[in-house]
Amino acid sequence: MLHFACARSHGRNALIQLIEESGTNITYRDELYRTARDVALQATQPDNAKEIDRYIIGLVAKGDLDALNSMLLEGYDHIVDVVAPDGTTIEQVAASRGHQDIVRFLEGVRTFEENREKLLSAIRQKQFEAVVNLTKLQDGAKLVRAKNYYGR
Numbered sequence: 115m116l117h118f119a120c121a122r123s124h125g126r127n128a129l130i131q132l133i134e135e136s137g138t139n140i141t142y143r144d145e146l147y148r149t150a151r152d153v154a155l156q157a158t159q160p161d162n163a164k165e166i167d168r169y170i171i172g173l174v175a176k177g178d179l180d181a182l183n184s185m186l187l188e189g190y191d192h193i194v195d196v197v198a199p200d201g202t203t204i205e206q207v208a209a210s211r212g213h214q215d216i217v218r219f220l221e222g223v224r225t226f227e228e229n230r231e232k233l234l235s236a237i238r239q240k241q242f243e244a245v246v247n248l249t250k251l252q253d254g255a256k257l258v259r260a261k262n263y264y265g266r
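Each residue of the sequence shown is one higher than the one before, starting from 115 at the first, in this note's numbering.
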């Protein structure tokens, strides 16, 4: 439903209202591995992508670390690159609201994604020792459950 909605233009705030009221999962990927945000950009609907970004900024502003963590584990790849309409980065939004736990989370996203890809690669290449070492990292338990871009 969200993918379909993102491919079309809407009135102001309509898309973010749809996301918030329906509780739809913005991390869901279609059969081409595209998120609704990706579909919006491919359909030349950048305002829809900005609405999704605004939703994420709202999660950061509210301090909803659980939702952000869930998005990361689901393989959503547009968390740290989100910028508010006024140019404020997502890290700046978190810091200005006093959400130091979210600032730390955002600072660790890239490393987590890199380690996730290393783990999946080690599994594919049957490198047992590398798999064991990666799962012993501080985020090892999360790495094991995390999906990547392809939902693996």
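Even glycine gets a Cβ: it sits at the ideal position worked out from N, Cα and C. Quantities reported herein were computed from a predicted structural model and do not represent experimental measurements.
Check: For VAL197, the residue or residues it bridges with in DSSP; Outcome: THR203
Check: Inter-residue Cα distance where the pair is GLY265 and ASP200; Outcome: 32 Å
Check: Extent of the continuous alpha helix (DSSP H) to which GLN214 belongs; Outcome: 214 to 238
Check: Three-state class that DSSP yields for ASN183 in the structure shown; Outcome: helix
Check: Collapsed DSSP secondary structure at ILE61 in the structure displayed; Outcome: The question about residue 61 has no answer here: the residues shown for the chain are numbered 115 through 266.
Check: For ASP161, the first and last residue of its enclosing alpha helix (DSSP H); Outcome: 160 to 176
Check: Inter-residue spacing [alpha-carbon to alpha-carbon] between GLY172 and GLU221; Outcome: 18 Å
Check: Residues near ASN127 by beta carbon distance below 8 Å, same chain, minus five either side; Outcome: GLU165
Check: DSSP-derived helix/strand/coil call for ALA128; Outcome: helix
Check: Cβ-Cβ separation, ILE133 to LEU116 (assumed contact under 8 Å), whole Å; Outcome: 7 Å
Check: Reduced DSSP category for THR265 - H, G, I as helix; E, B as strand; rest coil; Outcome: Reading off the sequence, residue 265 comes out as Gly, not Thr. Three-state result, GLY265: coil.
Check: Sequence-distant residues of its chain with Cβ nearer than 6 Å to ALA244 (five each side left out); Outcome: ALA236
Check: Beta-carbon contacts of ALA283 that lie in its chain and below 8 Å, excluding the five residues immediately before and after; Outcome: No answer is possible for residue 283: it lies beyond the span of the chain, which begins at 115 and ends at 266.
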